[in-house]
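So the mapping is simple: this note's numbering equals the position in the sequence shown, first residue as 1, plus 20. Each remark here refers to the structure printed beneath this line.
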Amino acid sequence: LFVAASLVSDTVIEPRSTPVPVSIQTGPAGVFGDTDQMLFAQTLIGQLAFIKGDTAFKPQDFELRLAFAYQYNYVESEEERFLETDPTKGTSRSDDQFGLQEAFIDYHLRNVSDRYDFDSVRVGVQPFSTDFRGFLFQDNQPGIRFFGNRDNNRWQYNLAYFRRLEKDVNSGLVDLDKAPRDDHIFIANLYRQDFPVLGLTSQATIVHNHSDEDSDIRDANGFPARPAEFGLARLRDYDVTYAGLNMDGRLGRFGITASAYYAFGENRDAPVSGEESDIRAFFLAAEPSIDFDWIRLRLSALYASGDDDPFDGEENGFDAIFENPIFAGADTSYWIRQQVPFIGGGFVGLNGRNGLLPNLRHSKEMGSSNFTNPGLTLLGGGADLDITPELRLSFNANYLRFNDTSSLEALRVQGNIDNNIGWDLSTAAIWRPFLNQNVILRLSGAMLLPGDGFKDLYGAEDSDDYYYSVLGNIVLTY
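Shown next, in the form of structure tokens:
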């Protein structure tokens, strides 16, 4: 029996700016207020694992793993009622949260070959991702997962069920004081290594999400989370199935990651029309790369379909379950890192924090999927430079565009919203002074240069010339 323990300290300092609704007490007339904000967050994560078995050459026999997290966070804004519903709370907010990140038992059921192909089961709160880059569902949730491999590890499979827990909107940690949600996820996927060519891993997946929320929920700051103040403000009741194909690996000297999803199902209470509607949406993404010694060049392309008519009985805007995309610069990017409020059309975000999709949800932690959204096209490029073994610099430039603004126009009661979101430019430096993961220092900066569509939403005169996001991050692992 082996015992493994670790402690992680994750410190974030984040100056940023986003469009902000003007506070109740206002001198000048207008809808939009001062944009500057500051976030500080300190997270401690403790992990403890009990492992039985000789894991050098075969799968472990048994594992019990526990991981707890505590976070303190502090935010400052220039406007009242942006951080909390009560305007008397002022322009700052401090909060803390204790959460359960992992609590599972992993049991080795059997070996099925002399090469230790196996079947295992894992029960409890556990991490899981439906694809290589976290486009659809990447989270820690309670469930049961059967997994294993065949043919000398060339075939790998997962059969899993998860029921989502409530999360704290300020920290993103599981809220242990709340009952589980009526939101259920069923997953089956199959991986094949070296298919269709050597060096490429392919995956086929089917994911079904059943959501039938029946209770009004407000977040820790007093804002309505379910139903969101969006459209008719009704609780969601939907069944949606995602069929996906994903790949990751190499094609000759080129690296490649690609994903394709088709979503189909039924929403029994569409958010804008209030009628039963069919869900028909799709998603495509690819990121090829090529290495030249210590330089890697990347291209990024993404298309998420948008809804062309919120009243036609069919929802065509693609939305994920819980996305955490490692794509196009990831959280270095302004658009992925920051949630931009959808001001004047409901208390929801235009997009989600640490997310790509403009899905008009309260948040990915507490909100429900929404398939009445404008969709997104992203085209970008980037470079990773390994200056030394300890230091990496990264640069990214992404062009962002709505695919159809009909849903935005209906919610805002505003015509002729342009599709152009703008340019997202970012750079980052990562320093690992000891050539390992024990000490990681990261500094990144990003800015969004708003296009005509962004200015239509947030005012050509009120809109800043650019919006910024700076991220300082220190990760210490013991």
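We treat Cβ as the ideally placed atom computed from N, Cα and C, and that holds for glycine.
Coil, strand or helix - residue i by DSSP
i      : result
Ala348 : coil
Asp472 : helix
Tyr354 : helix
Leu252 : coil
Thr108 : helix
Leu185 : coil
Tyr211 : strand
Tyr486 : coil
Tyr281 : strand
Leu86  : strand
Tyr478 : helix
Leu396 : strand
Pro244 : strand
Ile407 : coil
Ile237 : strand
Phe102 : coil
Val194 : strand
Ala199 : coil
C-alpha gap between residue i and residue j, whole angstroms
i      : j      : result
Asp332 : Ile299 : 11 Å
Asn393 : Asp327 : 6 Å
Trp355 : Pro244 : 24 Å
Phe284 : Leu156 : 14 Å
Val433 : Asp404 : 43 Å
Leu431 : Pro378 : 14 Å
Gly119 : Phe82  : 24 Å
Pro107 : Ile346 : 37 Å
Asn16  : Arg135 : The shown model of the chain, from 21 to 498, leaves out residue 16, and the question about it has no answer.
Pro162 : Phe88  : 14 Å
Pro35  : Leu265 : 38 Å
Gly400 : Asn423 : 16 Å
Arg174 : Arg130 : 18 Å
Phe415 : Ser446 : 6 Å
Glu122 : Leu304 : 31 Å
Gly442 : Asp171 : 48 Å
Asp197 : Ser97  : 28 Å
Leu411 : Ile450 : 6 Å
Thr46  : Gly110 : Any reading at Thr46 needs caution, since the residue's pLDDT is 48, under 50, leaving its predicted position unreliable; the model's value is listed next. The alpha-carbon atoms of Thr46 and Gly110 are separated by roughly 13 Å.
Pro48  : Val42  : Confidence is the limiting factor: at Pro48 the pLDDT is only 48, short of 50, which leaves the residue's position unreliable, though a coordinate-based value still follows. When rounded, the distance between both Cα atoms is 9 Å.
Asp234 : Arg201 : 9 Å
Gly435 : Lys475 : 13 Å
Tyr90  : Lys187 : 13 Å
Asp499 : Thr397 : Given a span of 21 to 498 for the chain in the structure shown, any question on residue 499 remains unanswerable.
Ala348 : Arg381 : 22 Å
Ala350 : Gly375 : 9 Å
Arg165 : Ala290 : 32 Å
Neighbourhood of residue i by C-beta, 6 Å cutoff - its chain only, sequence neighbours within 5 removed
i      : result
Pro308 : Phe274, Ile276, Leu319
Phe342 : Phe157, Asp159, Lys384
Ala18  : Only positions 21 to 498 of the chain appear in the structure, and residue 18 is not among them; the question remains open.
Leu86  : Leu68, Ala123
His228 : Phe206, Thr261
Ile494 : Thr31, Leu461
Asp115 : Asn93, Asn190
Ala448 : Thr352, Ser414, Ser464
Gln213 : Arg174, Thr221
Leu59  : Glu34, Val95
Residues that residue i bridges to, as DSSP identifies them
i      : result
Ala24  : Ala69
Gly401 : Leu319, Ala417
Ile299 : Gly285, Glu335
Ser309 : Gly275, Arg318
Leu380 : DSSP, once it has assigned bridges, lists no residue as partnering Leu380.
Asp268 : Thr221, Thr277
Glu122 : Ala87
Thr497 : Val28
Asn229 : Ile205, Val260
Asn93  : Ala61, Asp115
Ile33  : Phe60, Gly492
Gly369 : Pro361
Ala324 : Phe303, Leu396
Cβ neighbours of residue i in the same chain (closer than 7 Å, five flanking residues each side left out)
i      : result
Ala76  : none
Tyr486 : Met467, Leu468, Leu469
Pro39  : Phe52, Thr55, Val360, Pro361, Ile363, Tyr478
Arg288 : Asp257, Tyr258, Glu296
Asn440 : Arg421, Gly471, Asp472, Gly473
Nonlocal neighbours in the same chain, by C-beta distance under 8 Å from residue i, ignoring five residues either side
i     : result
Gly19 : No answer is possible for residue 19: the residues shown for the chain start at 21 and end at 498.
CB contact below 7 Å: residue i versus chain B
i      : result
Glu335 : The chain inventory of the structure shown lacks chain B, comprising one protein chain alone.
Kindly provide the ranges of any beta strand (DSSP E) runs that are 3 or more residues long and lie completely inside the region 411-468, ordered along the chain. 411-421, 440-451
Please give the ranges of any beta strand (DSSP E) in the region 42-83, keeping only runs that are unbroken, at least 3 residues long and fully inside the region. 56-72
Whole alpha helix (DSSP H) runs in the region 124-179 with 4 or more residues, listed along the chain? none
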